[in-house]
Amino acid sequence: MKNHLDKLRLRHRRLDRLIDTTKAAGKQEELKTLKRIRLNLKDRITALRQSRASVTQ
Numbered sequence: 062m063k064n065h066l067d068k069l070r071l072r073h074r075r076l077d078r079l080i081d082t083t084k085a086a087g088k089q090e091e092l093k094t095l096k097r098i099r100l101n102l103k104d105r106i107t108a109l110r111q112s113r114a115s116v117t118q
């Protein structure tokens with residue numbers, strides 16, 4: 062599970078950089094899509110972290 066969580070975090074960081082680039086280029090529709098994807102990833106990361114925390118308790 063840790064490996065999967067690490068992959069999601071890496072993907073989230075890459076999306077952050079891509080969002081910054083897209084924002085600078087002024088591509089609003091693409092920016093909205095990327096932000097939605099990033100939010101979904103953040104939700105998945107949070108759910109996995111909570112799941113791990115409940116397993117270790």
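This note's numbering puts the sequence shown at residues 62 to 118.
Note that the Cβ used here is the ideal one computed from N, Cα and C, for glycine as well.
Only a predicted model underlies this, so the values are computations on that prediction, with no experimental measurement involved.
*Could you give the C-beta distance for Leu102 and His73, rounded to a whole number, given that I count them as a contact under 8 Å?*
5 Å
_Neighbourhood of Lys84 by C-beta distance below 8 Å, restricted to the same chain and skipping five residues each side_ = Cβ within range, chain order: Leu92.
*Is the Cβ-Cβ distance between Arg97 and Leu76 less than 7 Å?*
no
*Using alpha carbons as the reference points, say which of Glu90, Arg78, Ile106 lies closest to Leu69.*
Ile106
*Do Leu66 and Leu109 have their CB atoms nearer than 7 Å?*
yes
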